[in-house]
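Protein chains in written order, with the numbering used here: chain A, 9 to 256; chain B, 720 to 1011. Remarks on the structure that follows.
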């Protein structure tokens, strides 16, 4: 008998009979071991950020983009300077107001209590959302600023005074109201932002006041508004730890 | 798993919501019973690290839960009284989102959601938006989110509020089913919610525990007796003012009253077996005309 024949006869003698029960038991045990191992691993901060990104409604970013397109079109138009100033003041306020629904989402949906009791705390959830909004808005504003200054030859100092400064102040107002101990609603934040916008219009349209403030002074005011924004963001994060401490 | 409350106190300004409470809990179902404003929610919020105690401490297996921070919250499942959610989410998406903030990895989260949805009876509603669910379904979704991380400590604040009797029974059975090998703390002002499922009952009033024990021990703690008697129409209001009446059934000739009193209230009164509702009324109730 040659080797091949021997091999064939051997195959006939020892034909393995698969024990299906044992196989499914092994599969179950493997799956269990896999999930057990996974249970020990926690979601990484990157994955957590990605899930928060999924939660944010992208329509607000689209609206912000469209608003900046409108502002760009306004800059390219043959409008008079004071009309452009007025338009920029309105656009800058609206740009910040568009962040309000998402920032107030946890509060308006009353989901803060469950989120605060989770492993990734409410503070981390807010930090993630603020970070994502910050990244998206900085990208949009960079795009807008670049187009305005390089493409439309709009003076950068005017962009800073007429657009970036009111955006920063409005955002600070939004975060300030969000972290208020008086449980202020979204509409109150919008009303305050609009009031600020009206005040800003009065300042910028008053030529005497406008010319009185020198460029370094405007830069200083912008720096102060940025600082104010940072402080209100920190206050918002601190508020997450103690919002229930405020009696109803 | 053991939770220990040492001299736990919480004040809001001049108001004391929880007043020097001392308790120890291990695995099993604990029912916290009290009227609205007794301090139940404040106590539960402290147990879930949502509120910091003004005084005292809460320890889990000997470690302060506020120092344990995330390590403690990993063990915790919580269903608040006012259960909020993102209305545009489907049940499945909502549970996956909560799983994510509980730090559960997506592959494990999907498995847990697949297991929990049928367990809470939401198979048909899994793809439905949260805002379209009935009150009972929302509560069941709430229980499912609390169970996602297979918590060793499950805190449920008024879980049956707003549910119809059928759903309350279903809910009770579900909690019993989930209570194996974990510590379940359940607060309610509805006696029947905990009568049959709680291993230990705590009666809470004005921030302190007025009575504790098994259902039987709590029943035996009442120093007064329960009486059944028939009273004419003309004497009903007098009886209501004079005694704590736990039940009144109108009849053509008068009313059948269930009265809590140390001595026989009317000559025709016969003693009756006390129930937890009677005990609740004894500790928390008022006679007609008394200030709450």
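C-beta: ideal position from N, C-alpha, C; glycine also.
Alpha carbon to alpha carbon, how far is residue j from residue i? Give it in angstroms, no decimals.
{"i": "residue 860 of chain B", "j": "residue 811 of chain B", "result": "9 Å"}
{"i": "residue 845 of chain B", "j": "residue 188 of chain A", "result": "37 Å"}
{"i": "residue 880 of chain B", "j": "residue 738 of chain B", "result": "25 Å"}
{"i": "residue 1010 of chain B", "j": "residue 964 of chain B", "result": "Summary for residue 1010 of chain B: the model assigns pLDDT 47, below 50, so the residue's position carries little reliability; its value from the coordinates is reported in the next sentence. Each residue's Cα considered, the two are about 16 Å apart."}
{"i": "residue 746 of chain B", "j": "residue 720 of chain B", "result": "7 Å"}
{"i": "residue 852 of chain B", "j": "residue 64 of chain A", "result": "23 Å"}
{"i": "residue 960 of chain B", "j": "residue 748 of chain B", "result": "37 Å"}
{"i": "residue 957 of chain B", "j": "residue 983 of chain B", "result": "15 Å"}
{"i": "residue 225 of chain A", "j": "residue 169 of chain A", "result": "10 Å"}
{"i": "residue 33 of chain A", "j": "residue 42 of chain A", "result": "14 Å"}
{"i": "residue 968 of chain B", "j": "residue 948 of chain B", "result": "11 Å"}
{"i": "residue 173 of chain A", "j": "residue 891 of chain B", "result": "57 Å"}
{"i": "residue 785 of chain B", "j": "residue 157 of chain A", "result": "52 Å"}
{"i": "residue 207 of chain A", "j": "residue 750 of chain B", "result": "56 Å"}
{"i": "residue 102 of chain A", "j": "residue 55 of chain A", "result": "31 Å"}
{"i": "residue 93 of chain A", "j": "residue 155 of chain A", "result": "17 Å"}
{"i": "residue 121 of chain A", "j": "residue 70 of chain A", "result": "30 Å"}
{"i": "residue 165 of chain A", "j": "residue 223 of chain A", "result": "8 Å"}
{"i": "residue 90 of chain A", "j": "residue 149 of chain A", "result": "22 Å"}
{"i": "residue 723 of chain B", "j": "residue 989 of chain B", "result": "43 Å"}
{"i": "residue 744 of chain B", "j": "residue 236 of chain A", "result": "47 Å"}
{"i": "residue 5 of chain A", "j": "residue 212 of chain A", "result": "Chain A is shown only over 9 to 256; residue 5 of chain A falls outside these bounds and no answer can be derived."}
{"i": "residue 954 of chain B", "j": "residue 940 of chain B", "result": "30 Å"}
{"i": "residue 841 of chain B", "j": "residue 981 of chain B", "result": "49 Å"}
{"i": "residue 53 of chain A", "j": "residue 1001 of chain B", "result": "53 Å"}
In this structure, does DSSP put residue i in helix, strand or coil?
{"i": "residue 723 of chain B", "result": "strand"}
{"i": "residue 839 of chain B", "result": "coil"}
{"i": "residue 883 of chain B", "result": "coil"}
{"i": "residue 949 of chain B", "result": "strand"}
{"i": "residue 66 of chain A", "result": "coil"}
{"i": "residue 53 of chain A", "result": "helix"}
{"i": "residue 997 of chain B", "result": "helix"}
{"i": "residue 735 of chain B", "result": "strand"}
{"i": "residue 694 of chain B", "result": "Nothing about residue 694 of chain B can be read from this structure; chain B reaches only from 720 to 1011."}
{"i": "residue 173 of chain A", "result": "helix"}
{"i": "residue 930 of chain B", "result": "strand"}
{"i": "residue 918 of chain B", "result": "coil"}
{"i": "residue 107 of chain A", "result": "coil"}
{"i": "residue 742 of chain B", "result": "strand"}
{"i": "residue 860 of chain B", "result": "helix"}
{"i": "residue 823 of chain B", "result": "strand"}
{"i": "residue 16 of chain A", "result": "helix"}
{"i": "residue 889 of chain B", "result": "helix"}
{"i": "residue 936 of chain B", "result": "helix"}
{"i": "residue 1010 of chain B", "result": "Its pLDDT being 47, under 50, residue 1010 of chain B is placed unreliably in this model, and the value from its coordinates should be taken loosely. Coil, per DSSP."}
{"i": "residue 90 of chain A", "result": "helix"}
Quickly, what does DSSP pair residue i with across the bridge? List them, please.
{"i": "residue 876 of chain B", "result": "B/906"}
{"i": "residue 797 of chain B", "result": "B/874"}
{"i": "residue 966 of chain B", "result": "B/977"}
{"i": "residue 192 of chain A", "result": "DSSP output for residue 192 of chain A lists no bridge partner at all."}
{"i": "residue 783 of chain B", "result": "B/778"}
{"i": "residue 828 of chain B", "result": "None, per the DSSP bridge assignment."}
{"i": "residue 728 of chain B", "result": "B/774"}
{"i": "residue 749 of chain B", "result": "B/904, B/919"}
{"i": "residue 990 of chain B", "result": "B/946"}
{"i": "residue 848 of chain B", "result": "B/809"}
{"i": "residue 924 of chain B", "result": "B/927"}
Residues of chain A with CB closer than 7 Å to the CB of residue i, please, in chain order.
{"i": "residue 934 of chain B", "result": "Those within 7 Å of residue 934 of chain B in chain A number zero; the least Cβ separation is about 29 Å."}
{"i": "residue 661 of chain B", "result": "No statement about residue 661 of chain B is possible, as the shown extent of chain B runs from 720 to 1011 and does not include it."}
{"i": "residue 767 of chain B", "result": "125"}
{"i": "residue 846 of chain B", "result": "Result: empty, since nearest Cβ-Cβ is about 17 Å, beyond 7 Å."}
{"i": "residue 789 of chain B", "result": "127"}
Applying a beta-carbon distance threshold of less than 9 Å, which residues of chain B neighbour residue i?
{"i": "residue 133 of chain A", "result": "820"}
{"i": "residue 59 of chain A", "result": "815, 816, 819, 820, 825"}
Residue i versus chain B: which residues are under 8 Å apart at the beta carbon?
{"i": "residue 117 of chain A", "result": "803, 804, 805, 806"}
Output, in chain order, the set of chain A residues within a Cβ distance shorter than 9 Å of residue i.
{"i": "residue 864 of chain B", "result": "122"}
Counting only Cβ pairs nearer than 7 Å, list the residues of chain B close to residue i.
{"i": "residue 253 of chain A", "result": "770"}
{"i": "residue 63 of chain A", "result": "816"}
{"i": "residue 128 of chain A", "result": "820, 822"}
{"i": "residue 56 of chain A", "result": "819"}
Return yes when at least one heavy atom of the ligand FMN lies under 7 Å from the C-beta of residue i, else no.
{"i": "residue 798 of chain B", "result": "Although the ligand FMN was asked about, the structure shown includes no ligands whatsoever."}
Using the beta-carbon of each residue, which ones in chain C are nearer than 9 Å to residue i?
{"i": "residue 51 of chain A", "result": "Included in the structure are the protein chains A and B, with no chain C among them."}
Along chain A, in chain order, which residues have C-beta atoms closer than 8 Å to that of residue i?
{"i": "residue 797 of chain B", "result": "121, 122, 125"}
{"i": "residue 792 of chain B", "result": "125, 126, 127, 129"}
Entirely enclosed beta strand (DSSP E) segments - the stretch 753 to 781 of chain B, minimum 3 residues: Those beta strand (DSSP E) runs which fall completely within the stretch 753 to 781 of chain B and span 3+ residues are 774 to 779.
What alpha helix (DSSP H) runs, 4 residues minimum, are completely inside the stretch 115 to 141 of chain A? If one requires a minimum length of 4 residues, the alpha helix (DSSP H) runs lying completely within the stretch 115 to 141 of chain A are 120 to 124, in chain order.
Pick out the complete alpha helix (DSSP H) segments inside the stretch 191 to 235 of chain A, 4 residues or longer, and give them in chain order. Within the stretch 191 to 235 of chain A, the complete alpha helix (DSSP H) runs of at least 4 residues are 194 to 213, 215 to 220.
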